[in-house]
Amino acid sequence: MNLWPIIAPAALAAAGAGLASWGAMGPSAQLFGPTLRRTGSDKTLALTFDDGPNPAITPRLLDLLEQHHVRATFFLIGRFVRACPDLVREVAARGHRIGNHTDTHPNLIWLSRARIREELVRCQESIAEVLGSAPLWMRPPYGYRGPHLDAVVHQQGITNVVMWSVIVGDWKPQPAARLIARLRSVRGSDMVVLHDGDHRALGGDRQRTLTALEHWLPRWLDAGLEFVTVDAIAGGASQAQHPPRGNRRN
Ligand SMILES: [Zn+2]
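Okay, structure coming up:
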């Protein structure tokens, strides 16, 4: 069924008000297919990083995560993957999961099915060329999904569209202290989206995001939260990335 003729007038009519179209496209909307946006357990937290890889920030972010034994999910832009293949290998080698964030970071909502397919395929192929396999997860740029996305996603063997429950605008220039304050709202079961890259160009400054994480990572761990990656969520609710030891039969 093609929903677009029904949705488009409503979305256009809502463009002034904004809220109704946000209802259809926003992170919690399920109109264009199911998405992952929480971990499923209030004992766990999922950190996700978009718009990389970014040689100016990603290596230091990897060190910071490793220092705290935290694993995360990185949604990469295809053209940056081709520019920095070694960094992509490093992200995977450190135990993080990798997802598709399109090839050039367009707003998918107004693109044809063919153009969406091209954006996803080029990113899938670029990641597969570096890592030997293509991702099973994708996140649409700006969180915008249209009626074509789900079908294209499944054609590519991608199992989940991944959104978020917490977004703090870390891409906007601001003092790190403000980001730290905004992240105070994070609770167990949240999926947090942060940015190690800038979709416009390699080398974007995301120092404030690192500083905010330096503040919060030890505090979240002290609060007893465990960090999960998207595969653990997609694979069935609320497992942590390291399954509990012992008590395992056969
Ligand atoms: Zn993005």
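Final position of the sequence shown in numbering that gives the first Met the number 0 is 249; the numbers increase by one with none missing. We put the CB at the ideal spot given by N, CA and C, even for glycine.
Residue i versus the options, residue with shortest Cα-Cα distance
i, options, result
"residue 120", "141, 153 and 61", "153"
"residue 177", "43, 126, 215 and 130", "215"
"residue 192", "212, 65 and 221", "212"
"residue 63", "229, 126, 53 and 210", "210"
"residue 92", "108, 72 and 107", "72"
"residue 220", "42, 174, 36 and 141", "42"
"residue 217", "122, 118, 67 and 205", "67"
"residue 28", "142, 124 and 123", "142"
"residue 124", "81, 37 and 222", "81"
"residue 168", "37, 114 and 205", "205"
Contact under 9 Å by Cβ, residue i with residue j
i, j, result
"residue 86", "residue 147", "no"
"residue 157", "residue 139", "no"
"residue 77", "residue 101", "yes"
"residue 159", "residue 231", "no"
"residue 226", "residue 90", "no"
"residue 136", "residue 98", "yes"
"residue 196", "residue 187", "no"
"residue 34", "residue 181", "no"
"residue 128", "residue 172", "no"
"residue 112", "residue 150", "yes"
"residue 96", "residue 229", "yes"
"residue 161", "residue 185", "no"
"residue 60", "residue 224", "no"
"residue 130", "residue 118", "no"
"residue 116", "residue 155", "yes"
Helix, strand or coil at residue i according to DSSP, with G and I counted as helix
i, result
"residue 136", "strand"
"residue 249", "Here the model assigns residue 249 a pLDDT of 33, short of 50, so the residue's position is not dependable, and the following value carries that caveat. DSSP places residue 249 in coil when its eight states are reduced to three."
"residue 258", "In the structure as shown, the chain begins at 0 and stops at 249. Residue 258 is therefore absent and cannot be evaluated."
"residue 45", "strand"
"residue 31", "coil"
"residue 72", "strand"
"residue 160", "strand"
"residue 145", "coil"
"residue 129", "helix"
"residue 181", "helix"
"residue 211", "helix"
"residue 192", "strand"
"residue 98", "strand"
"residue 87", "helix"
"residue 19", "The predicted model places residue 19 with a pLDDT of 43, which falls under 50 and marks its position as unreliable; any figure quoted below should be read in that light. The answer is helix: DSSP assigns residue 19 an H, G or I state."
"residue 12", "Only weak support exists for where residue 12 lies, its pLDDT of 42 falling under 50; the value from the coordinates is given anyway. Helix at residue 12."
"residue 80", "helix"
"residue 166", "strand"
"residue 205", "coil"
"residue 93", "coil"
"residue 121", "helix"
"residue 114", "helix"
"residue 37", "strand"
Cβ distance (whole Å) where residue i is taken to contact residue j below 8 Å
i, j, result
"residue 194", "residue 48", "7 Å"
"residue 170", "residue 190", "Incorrect: roughly 17 Å between the Cβ atoms, too far for contact."
"residue 79", "residue 39", "The Cβ separation is near 30 Å, so there is no contact."
"residue 54", "residue 201", "6 Å"
"residue 126", "residue 46", "Not confirmed; about 19 Å, so no contact."
Distance cut-off 8 Å: residue i Cβ against heavy atoms of ligand 3
i, result
"residue 167", "By its list of ligands, the structure shown excludes ligand 3, since it contains just ligand 1."
### Message
So if I measure from each beta-carbon to every heavy atom of ligand 1 and keep distances below 6 Å, which residues remain?
### Response
49, 50, 100, 104, 140 and 198
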